[in-house]
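Report on one structure; see the data block that follows.
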Amino acid sequence: MLGYVLRRLVATIPVVIVVAVVVFLLARLAGDPASVIAGENATAEQIAQIRNRLGLDQPLLVQFARWSWSIAHGDLGVSIFTNTPVAQLIVQRIGPTFSLAVVTIVLAILLGIPSGVLAAVFVRRVPDRVIMMLAVAGFSIPIFVLAYLLILGFAISWPILPVQGYTPLARGVLPWLGNLILPGLALALVYAALIARTTRAALLDVLAEDYIRTARAKGLLPREVVWLHALKAASVPIATVIGIGIALLVGGAVVIETVFAIPGLGRLTVDAIARRDFPVIQGVILLFSGIYVLINLLIDLSYTWLDPRVRFT
Amino acid sequence: MATASALDDDAVTHAVRRRPAWRRHPTVTAGLIILGLVCAMAIAAPWLASIDPTALSTAKRLRPPSPEFWFGTDMMGRDVWSRTLYGARVSVITGLTVAALATGIGLLLGLLAGFDRTIDAVMMRIMDGLMAIPAILLAIALMALTRASLGNVIIAIVVAEVPRVVRLARGIVLTLREATFVEAATASGTGFFGLLFRHILPNAVAPLVVQSTYIAASAMITEAILSFIGAGVPSSTPSWGNMMAEGRTVFQVAPQLVLFPGLCLSVTVLAINMLGDGLRDMLDPRLARRMK
Chain A
1 MLGYVLRRLV ATIPVVIVVA VVVFLLARLA GDPASVIAGE NATAEQIAQI RNRLGLDQPL
61 LVQFARWSWS IAHGDLGVSI FTNTPVAQLI VQRIGPTFSL AVVTIVLAIL LGIPSGVLAA
121 VFVRRVPDRV IMMLAVAGFS IPIFVLAYLL ILGFAISWPI LPVQGYTPLA RGVLPWLGNL
181 ILPGLALALV YAALIARTTR AALLDVLAED YIRTARAKGL LPREVVWLHA LKAASVPIAT
241 VIGIGIALLV GGAVVIETVF AIPGLGRLTV DAIARRDFPV IQGVILLFSG IYVLINLLID
301 LSYTWLDPRV RFT
Chain B
1001 MATASALDDD AVTHAVRRRP AWRRHPTVTA GLIILGLVCA MAIAAPWLAS IDPTALSTAK
1061 RLRPPSPEFW FGTDMMGRDV WSRTLYGARV SVITGLTVAA LATGIGLLLG LLAGFDRTID
1121 AVMMRIMDGL MAIPAILLAI ALMALTRASL GNVIIAIVVA EVPRVVRLAR GIVLTLREAT
1181 FVEAATASGT GFFGLLFRHI LPNAVAPLVV QSTYIAASAM ITEAILSFIG AGVPSSTPSW
1241 GNMMAEGRTV FQVAPQLVLF PGLCLSVTVL AINMLGDGLR DMLDPRLARR MK
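Chains A and B, in that order, are what the protein sequence lines are. If you count the first sequence from 1, position 239 lands on 239 in my numbering, and the numbers rise without skipping. Heads up, my numbering is the position in the second sequence plus 1000, with the first residue counted as 1.
Written out as structure tokens, the structure is:
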């Protein structure tokens, strides 16, 4: 088991290095930071001075080492537009995005796993067909289209929820949830479709195993067999797909926050695109990629607990 | 008991087999028909659109759908029906080009990785790293570096999609290299290129074709998202994403401005996904049986 954990930890290192190199190169391609900082009317000497101060005249490898060093210390650079540290901007905006992510993941799991189980239990029958059709639709309707349909349905035609905006959790759970239900649902449906499909496929594999027949033969109730025995054994692919879906969630958050005017990291990114504020975009990418790698590492490590077989490999 | 039901299954399969191909795979047929219509819309846009999609008419702003303006007009008085038709062009071009480029490049890199251990080790680490960056953010970053243009959007999406194809292609090559028929071919003296073109590639076509349909669908969504948040095709080009971005400010009074392009995009993507799922069942019976 220790071997497995160590192997997984070591395997994360090259991924982190590649992400860092890619983001660093993107930042360098974004143009000469010195001329941006110096402003439009700067002389060549002034630019050269700034280049020297920022270490931009050093070899690329030295620059990369310095850059990584400051990233590792939480220094993500300074926004070109607002002149505030990117790390500070991120901290200001992370609350709404984190709330949205939590609501989305909870909704996606609550919708996805039971639908997948239902589809597997009623395989090739009506519930299965209906759920799988909904899953294909869930994959196909882009989240922002779905978002507008939900707004039209539950905020305009039948106004039971706010059209847009965000209320911090500190001002009460209900107002907070009221603002997050529609965006969370719009984001969660694709994710739930993915989880439902995987749950169904994984459960079908497990239900064909000998020990399930044994469990049935010894007189366990069908629901005990499915929900306790089979689902536990099917949990590894389900956990994996939940981890992979985080990438989906991040991409979706950028759009959903725009649609619902939620002042989170997605909104920060979209504003940064309009202002060509590359340090901010870079900071958000680093943060989200880091979270993605970390969550997937944790999920891989959870296999040791979900599936005893992993412990001995 | 088990044998009886197996026999029944065989009988059913037999009856199903005798139907013509288009009836045996209804999802493929339906997907192809819808996609055919969308492509026809895109190609015939200049003839189907009665009004210039960029013509402004301040006197006729925000008109509801009518016989004159089928989908109404937007806040600048432009004809939404014409813009939707021209928007189909952007989506179709993006979907097809990205699918072709990403599959082609991905296959090439995947083959390299599948045949050489050193390349494999290095390339797969790079691909793992690229896949850790959420695809939309990677595309956004690439678009932030360049000018807004359809070509740049396509390149940005291809870069974000390629790692997944490389993974798939490499996996196929590694599995096939272990297969008995490949071993037999090697033993009987088949050269590298014979092995590649006669044994490996023909067996890699089916899964890659299926994958490329999903890439086309995801590319269309990504293009619309990029355009919607202002990092896609220039706002002067009518695209479904641009139209939704412009319509969102007046969504409460004229929801059709967002919903018409949005529903067109959804139906197109649904058709591609149906085609993809159908092709998967058709081309890969093993996987189909597992997924059914």
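A virtual CB, placed ideally from N, CA and C, is assigned to each residue, including glycine.
In terms of DSSP beta bridges, what is valine 78 of chain A paired with?
Answer is A:Pro85.
Give the single residue among A:Val126, A:Pro114, A:Ser35, A:Ala137 whose Cα lies nearest to the Cα of valine 1267 of chain B.
Of the candidates A:Val126, A:Pro114, A:Ser35, A:Ala137, the one whose C-alpha sits nearest the C-alpha of valine 1267 of chain B is A:Ala137.
Give, in chain order, every residue of the region 1121 to 1136 of chain B whose Cβ lies closer than 7 angstroms to some Cβ of chain A.
Residues passing the 7 angstroms Cβ filter: Arg1125, Ile1126, Asp1128, Gly1129, Leu1130, Ala1132, Ile1133, Pro1134, Ala1135, Ile1136.
Which residue marks the beginning of the alpha helix (DSSP H) containing threonine 198 of chain A, and which one marks its end?
Per DSSP, threonine 198 of chain A is one residue of the alpha helix (DSSP H) stretching across 173 to 207.
Judging by CA-CA distance, which residue of A:Leu150, A:Gln164, A:Gly165 is the nearest neighbour of tryptophan 158 of chain A?
Of the listed residues, the one whose Cα sits closest to tryptophan 158 of chain A is A:Leu150.
Flag serine 1266 of chain B as yes if its beta-carbon sits less than 9 angstroms from any beta-carbon of chain A, otherwise no.
Chain A, which has a Cβ nearer than 9 angstroms to the Cβ of serine 1266 of chain B, makes this yes.
Where does aspartate 1079 of chain B sit, in a helix, a strand or coil, going by DSSP?
Three-state result, aspartate 1079 of chain B: strand.
Paired residues, beta bridge with threonine 1073 of chain B - DSSP:
DSSP, once it has assigned bridges, lists B:Asp1079 as partnering threonine 1073 of chain B.
Please state the DSSP three-state secondary structure of arginine 51 of chain A.
The answer is helix: DSSP assigns arginine 51 of chain A an H, G or I state.
Can you tell me where the alpha helix (DSSP H) with asparagine 41 of chain A in it begins and where it stops?
Secondary structure note for asparagine 41 of chain A: it is in no alpha helix (DSSP H), with a DSSP letter that is neither H nor E.
For alanine 101 of chain A versus valine 259 of chain A, is the C-beta spacing smaller than 9 angstroms?
Cβ distance not < 9 angstroms, so alanine 101 of chain A and valine 259 of chain A don't count as in contact.
Quick test of the definition: if touching needs 3 or more C-beta pairs under 8 angstroms, does the region 1108 to 1121 of chain B touch the region 1153 to 1169 of chain B?
At 8 angstroms Cβ cutoff, the stretches touch.
Nearest candidate by alpha-carbon position, reference valine 91 of chain A, set A:Gln49, A:Leu265, A:Trp69, A:Val18
Proximity to valine 91 of chain A across A:Gln49, A:Leu265, A:Trp69, A:Val18 peaks at A:Leu265, based on C-alpha coordinates.
DSSP on glycine 165 of chain A, reduced to helix/strand/coil?
Of the three classes helix, strand and coil, the one that applies to glycine 165 of chain A here is coil, per DSSP.
Using the C-alpha atoms, what's the distance from leucine 194 of chain A back to phenylalanine 139 of chain A?
Between the C-alpha atoms of phenylalanine 139 of chain A and leucine 194 of chain A there is a straight-line separation of about 8 angstroms.
Given a threshold of 16 other Cβ atoms within 10 Å of its Cβ, counted over all protein chains shown, does histidine 73 of chain A qualify as buried or as exposed?
That one is exposed.
Simplified DSSP state of glycine 1189 of chain B, which is helix, strand or coil
Coil at glycine 1189 of chain B, not helix or strand.
Report the residue from A:Ala108, A:Gly252, A:Val270 whose alpha carbon sits nearest the alpha carbon of alanine 1141 of chain B.
Distances from the CA of alanine 1141 of chain B to each of A:Ala108, A:Gly252, A:Val270 were compared; the closest alpha carbon is that of A:Val270.
Exposure label - asparagine 296 of chain A; buried when at least 16 CB within 10 Å:
Asparagine 296 of chain A should be labelled buried.
Positions along the region 256 to 275 of chain A whose CB lies within less than 9 angstroms of some CB in chain B:
Listed in sequence order: Thr258, Val259, Gly266, Thr269, Val270, Ala272, Ile273, Ala274.
For a contact defined as C-beta to C-beta under 7 angstroms, what are the partners of leucine 1111 of chain B on chain A?
Near leucine 1111 of chain B there are no residues of chain A at all, since even the closest Cβ is about 21 angstroms away, more than 7 angstroms.
Does the region 1079 to 1095 of chain B come close enough to the region 1179 to 1196 of chain B that 3 or more CB-CB pairs lie under 8 angstroms?
Segments in contact, no.
Extent of the continuous alpha helix (DSSP H) run through valine 1253 of chain B
Where valine 1253 of chain B is concerned, there is no enclosing alpha helix (DSSP H), given that its DSSP letter is neither H nor E.
Using a Cβ-Cβ distance cut-off of 9 angstroms, determine whether valine 130 of chain A contacts chain B.
Using a Cβ-Cβ cut-off of 9 angstroms, valine 130 of chain A does not count as an interface residue toward chain B, since no Cβ of chain B sits closer than that to its own.
Cβ-based neighbour list, glycine 1278 of chain B, same chain, cut-off 7 angstroms, excluding 5 preceding and 5 following:
Within the same chain, glycine 1278 of chain B has close Cβ partners His1025, Thr1027, Val1028, Gly1031.
Report buried or exposed for valine 126 of chain A, applying the criterion of at least 16 other Cβ atoms within 10 angstroms of its Cβ.
Here valine 126 of chain A is exposed. Its C-beta has fewer than 16 other C-beta atoms within 10 Å.
Starting from the Cα of glycine 95 of chain A, find the closest Cα among A:Glu257, A:Asp277, A:Ile273, A:Val293 and give me that residue.
Nearest C-alpha to glycine 95 of chain A: A:Glu257.
Give me the Cα-Cα distance between arginine 1061 of chain B and proline 142 of chain A, rounded to the nearest whole angstrom.
Approximately 28 angstroms, taken between the alpha carbons.
Please state the DSSP three-state secondary structure of valine 1233 of chain B.
Coil.
C-beta contact flag for leucine 110 of chain A and isoleucine 131 of chain A at 9 angstroms:
The Cβ atoms of leucine 110 of chain A and isoleucine 131 of chain A do not sit closer than 9 angstroms to each other.
Which of the residues in the region 1132 to 1165 of chain B, read from start to end, lie with their CB under 8 angstroms from any CB of chain A?
Listed in chain order, the positions of the region 1132 to 1165 of chain B with a beta carbon within less than 8 angstroms of a beta carbon of chain A are Ala1132, Ile1133, Pro1134, Ala1135, Ile1136, Leu1137, Leu1138, Ile1140, Ala1141, Leu1142, Met1143, Ala1144, Leu1145.
Chain B contacts made by the region 128 to 162 of chain A, where a contact means CB separation under 8 angstroms:
Of all residues in the region 128 to 162 of chain A, Val136, Ala137, Phe139, Ser140, Ile141, Pro142, Phe144, Val145, Tyr148, Leu149, Ile151, Leu152, Ile156 have a Cβ within less than 8 angstroms of some Cβ in chain B.
Quick check: valine 145 of chain A and leucine 1259 of chain B, are their CB atoms within less than 9 angstroms of each other?
The Cβ atoms of valine 145 of chain A and leucine 1259 of chain B sit closer than 9 angstroms to each other.
Backbone CA spacing between methionine 1 of chain A and leucine 189 of chain A [nearest angstrom]
Rounded to whole angstroms, methionine 1 of chain A to leucine 189 of chain A spans 36 angstroms at the Cα level.
Can you list, in chain order, the residues of its chain with a C-beta nearer than 7 angstroms to that of tryptophan 67 of chain A? Leave out the 5 residues immediately preceding and following it.
Counting only Cβ-Cβ distances below 7 angstroms, and skipping sequence neighbours, we find Phe24.
As assigned by DSSP and simplified to three states, the class of threonine 1058 of chain B:
If DSSP states are grouped into helix, strand and coil, threonine 1058 of chain B belongs with the helices.
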